[in-house]
Ligand code: ATR
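Residue numbers (the numbering used here): 3 to 286.
Spelled out as structure tokens, the structure:
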């Protein structure tokens, strides 16, 4: 769609930014809703990120997304951060207020939960124990989402135990840390298994994990989406476990930002998934 001089402008800051799917994703919604708006990629190196964010109001932006490696830095740069963003320790969505103040939020926890609820109608966080592999930024969002949704216990398994201990300490709540060597046994009694590590991603090492102890009804979610069907999801599906891929989290996390900037809360539809996947397989 052609835009006018009154177009609302948002975008995504990251370094590098060329592989981001967000411009295509937001562009699809702008088209579908016929909105006079634009969403642009912004390649911003970490040493210029604070200045770039602080310049958004003067450039007339309504806000922006922030991605790797700028999310933690963005938490420091905004004027006000939501409780969720502070607990996760990172900002992925910035809105410029009418007064020019920068409001930071983190919608990854929303995206994780909305994706599971949309893909598995009978999944409930309050049911049972949830096993989370990894303790990076993505794991923080997943653990916050699970606890806020009513999870009784999160079992957190990470190669570097100190990082998992730090996550449990920072977030609080019912997080039980388990050593990486104990990951196979940690699946016993699990209602959900979530991989937030980079293992299994195209070009990375495979995830070495035996699913023998995993109950057959446990939901398995990989937040890796390249490839869309990871080896973990293929093995889980082959033994009959319900599986949810990682693309949905990316699509759902984008909804609240779009709603705030452009005034319409958009939906994740099969057409959107197909459109975004088409660009992912074409190399971004
Ligand atoms: P993000 O912020 O996107 O979650 P990250 O901070 O780089 O990414 O976290 C990557 C996760 O994958 C971490 O939990 C990391 O484990 P460590 O904390 O021990 O580094 C995990 N990971 C990466 N490579 C791994 C490997 N070869 N074996 C086990 N875990 C690995």
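All residues carry an ideal CB built from backbone N, CA and C; glycine is no exception.
At a cut-off of 7 angstroms, the beta-carbon of residue 201 counts as near the ligand ATR: some heavy atom of the ligand is closer than that.
Look at residue 241: its beta carbon is at least 7 angstroms from all of the heavy atoms in the ligand ATR. The beta carbon of residue 77 is closer than 8 angstroms to those of 83, 87, 88, 91, 92, 93, 106 in its chain, skipping five residues each way along the sequence. Apart from the 5 residues on each side of it in sequence, residue 47 sits with its Cβ closer than 6 angstroms to the Cβ of 17 in its chain, given in chain order. As DSSP reads the structure, residue 157 sits in a beta bridge with 133, 178. With 16 or more other CB atoms across the displayed protein chains lying within 10 angstroms of its CB, residue 197 is buried. The beta carbon of residue 19 lies closer than 6 angstroms to those of 43, 45 in the same chain, with the five residues before and after it left out. Taking 8 angstroms as the cut-off, the beta carbon of residue 188 is found closer than this to the beta carbon of residue 159. A direct Cα-to-Cα measurement between residue 119 and residue 102 gives close to 35 angstroms. Given a length threshold of 3 residues, each whole run of the beta strand (DSSP E) inside the stretch 6-54 is given here in chain order: 10-16, 39-45.
Bounds of any beta strand (DSSP E) do not take in residue 266, whose DSSP letter is neither H nor E. The secondary-structure analysis by DSSP pairs residue 194 across a beta bridge with 132, 221.
Rounded to the nearest angstrom, the gap between the Cα atoms of residue 66 and residue 205 is 29 angstroms. Linking residue 50 to residue 25 through their CA atoms gives a straight-line distance of about 21 angstroms.
Taking the Cβ atoms as the reference, residue 243 lies roughly 5 angstroms from residue 222, within the contact range of under 8 angstroms. Residue environment: residue 272 is assigned as exposed (fewer than 16 neighbouring CB atoms within 10 Å of its CB, all protein chains considered).
Residues of the same chain with a CB within less than 7 angstroms of the CB of residue 220, apart from the 5 flanking positions on each side, are 192, 193, 194, 195, 243 in chain order.
Taking a cut-off of 8 angstroms on C-beta distances, the stretch 205-214 does not touch the stretch 168-177, as fewer than three cross pairs fall below it. C-alpha of residue 72 to C-alpha of residue 169: approximately 19 angstroms in a straight line. Contact annotation: residue 233 and residue 212 have beta-carbon atoms that are not nearer than 8 angstroms. For residue 97, the uninterrupted beta strand (DSSP E) segment begins and ends at 95-98. Between residue 153 and residue 128, the beta carbon gap of about 7 angstroms places them in contact (Cβ cut-off 8 angstroms).
Taken through DSSP and simplified to helix, strand or coil, residue 82 comes out as strand.
Not one heavy atom of the ligand ATR sits closer than 7 angstroms to the Cβ of residue 53.
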